[in-house]
Amino acid sequence: MTEKGIAKILPNDMVLSPLAGYTDAGFRTLAKDFGCGLTVTEMVSAKGLAMNNHVSRDLLYVAEKGVVAAQLFGGEPDAFVAALEKKCFDRFEIIDINMGCPQKKIVGNGEGCALMADVKRAEKIILAVKKSTDKLVTVKFRKGFGNENTAVEFAKMCEGAGADAITVHGRTSNEMFSGRADWSVIKDVVSAVKIPVFANGDIASREDYLNVKEMTGCFGVSVGRGAMGKPYVFAEISGNDFSFDLMSAIKKHFEILLSFMPERLCVNEMKKHICCYLKGIKGSRKAMPLLQSACTAEETLRLVDEFLSFDASC
Numbered sequence: 022m023t024e025k026g027i028a029k030i031l032p033n034d035m036v037l038s039p040l041a042g043y044t045d046a047g048f049r050t051l052a053k054d055f056g057c058g059l060t061v062t063e064m065v066s067a068k069g070l071a072m073n074n075h076v077s078r079d080l081l082y083v084a085e086k087g088v089v090a091a092q093l094f095g096g097e098p099d100a101f102v103a104a105l106e107k108k109c110f111d112r113f114e115i116i117d118i119n120m121g122c123p124q125k126k127i128v129g130n131g132e133g134c135a136l137m138a139d140v141k142r143a144e145k146i147i148l149a150v151k152k153s154t155d156k157l158v159t160v161k162f163r164k165g166f167g168n169e170n171t172a173v174e175f176a177k178m179c180e181g182a183g184a185d186a187i188t189v190h191g192r193t194s195n196e197m198f199s200g201r202a203d204w205s206v207i208k209d210v211v212s213a214v215k216i217p218v219f220a221n222g223d224i225a226s227r228e229d230y231l232n233v234k235e236m237t238g239c240f241g242v243s244v245g246r247g248a249m250g251k252p253y254v255f256a257e258i259s260g261n262d263f264s265f266d267l268m269s270a271i272k273k274h275f276e277i278l279l280s281f282m283p284e285r286l287c288v289n290e291m292k293k294h295i296c297c298y299l300k301g302i303k304g305s306r307k308a309m310p311l312l313q314s315a316c317t318a319e320e321t322l323r324l325v326d327e328f329l330s331f332d333a334s335c
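Under my numbering, think of the first position of the sequence shown as 22, with each following residue one higher.
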């Protein structure tokens, strides 16, 4: 896959990075509303899909328009092959393989970033996925596993195995999300491969976007934590004028989740998002305990509306 090919399906170079528990169909739709070029599902267990786990399948629900990628994680090639046999990928143009998650539970199972320490197995997974689908295949990984810096070597392996593009997070698995992302390693990767490279880590503003593009020469950017509670960050990065009505956004997010999940589960999921949406607003920390006690969508929305109305009157 060439840069020309990637450019052919993406309207721009901005990606909403997958974040477990946050980049659900509702939030992805809002990100698209503000100009995000590519949205990616939360990471979905290949083994779970293979076993017809309904939780795994629900994570593949798509409400947004435009280009969407399904991100899968797992530790064995056969699990990916079995997952891709399921009839739940028609809506996706891209299959993204997670080889960067640093969470202990994931790494402990030999999945996520642990695959950077087992390059042969990682290569077999990419080859198996490429053979099992005619969709674009991308890989997301980190600077390295543990404290190692093996990103360049790993990127070359991904390219050789047929990956159409890669996303590189500039921290090791041990660093998790602490400190600053090392963009220099992304620059090294860009210089080492011919496939498109998306930069990830500490990109939360137009200034960050311009700086990382200039420093690394990356094809595009993948925004993760910088978008939490701020789906409009993509409009900011683009330098486009925009308006953002918080209450309207929360209502739309709620409506999308309610369209495919039980209300009680939806309310619990939305409470996480509301914490992010209200972050930085005066009095929000004191208001959260009351919001957390809400049991229905109607009650939750009423409490948020009352809080925002009170804040606006102060």
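Even glycine gets a Cβ: it sits at the ideal position worked out from N, Cα and C. Note that this is a predicted model, so its numbers are computed, not measured.
Just the Cα atoms here: how many angstroms apart are W204 and D229? 11 Å
Three-way DSSP call (helix, strand, coil) for K163 in this model: Per the sequence shown, the amino acid found at residue 163 is Arg instead of Lys. In the structure shown, R163 sits in a strand (DSSP, three-state: E or B).
With a Cβ-Cβ cutoff of 8 Å, do M236 and K215 count as a contact? no
Under 8 Å by Cβ, that's how I've got C109 and R78 pegged, so tell me the actual separation to the nearest angstrom. 6 Å
C-beta atoms of G47 and I277 nearer than 8 Å: yes
Cβ shell of M22 (< 6 Å), same chain only, five flanking positions each side left out: Legend: pLDDT at M22 = 39, less than 50; position of this residue unreliable, value from coordinates given subsequently. The answer, listed in chain order, is D185.
Once you ignore the five residues that flank T188 on each side, which residues in its own chain have a CB closer than 6 Å to its CB? K161, F219, N221 and S243
Given this structure, state the Cα-to-Cα distance separating F281 from R246, to the nearest angstrom. 25 Å
Would you kindly work out how many angstroms separate the C-alpha atoms of N73 and M64, rounded to a whole number? 16 Å
Using the rule of at least 16 other Cβ atoms within 10 Å of the residue's Cβ for burial, across every protein chain shown, is F17 buried or exposed? Because the chain in this structure spans residues 22 to 335, residue 17 falls outside the shown range and cannot be described.
Collapsed DSSP secondary structure at Q313 in the structure displayed: helix
For G200, is the classification buried or exposed, using 16 other Cβ atoms within 10 angstroms of its Cβ as the cut-off for buried? exposed
Exposure of Q92, with buried meaning 16 or more beta-carbon neighbours within 10 Å: buried
Rounded to the nearest angstrom, what separates A270 and L80 at their Cα positions? 21 Å
In chain order, what residues of the same chain have a beta carbon less than 6 Å from the beta carbon of G87, not counting five sequence neighbours either side? K53
I need the DSSP call for S264, collapsed to helix, strand or coil. coil
Rounded distance between the beta-carbons of T154 and I116, thought under 8 Å: 6 Å
Runs of 4 residues minimum, wholly inside the stretch 136-202: which ones carry the alpha helix (DSSP H) assignment? 140-153 and 172-182
Using the Cβ count rule (16 or more neighbours within 10 Å means buried), how would you classify E320? exposed
Among E114, G69 and K107, which has the Cα closest to the Cα of K29? E114
Helix, strand or coil at M282 [DSSP, three-state]: coil
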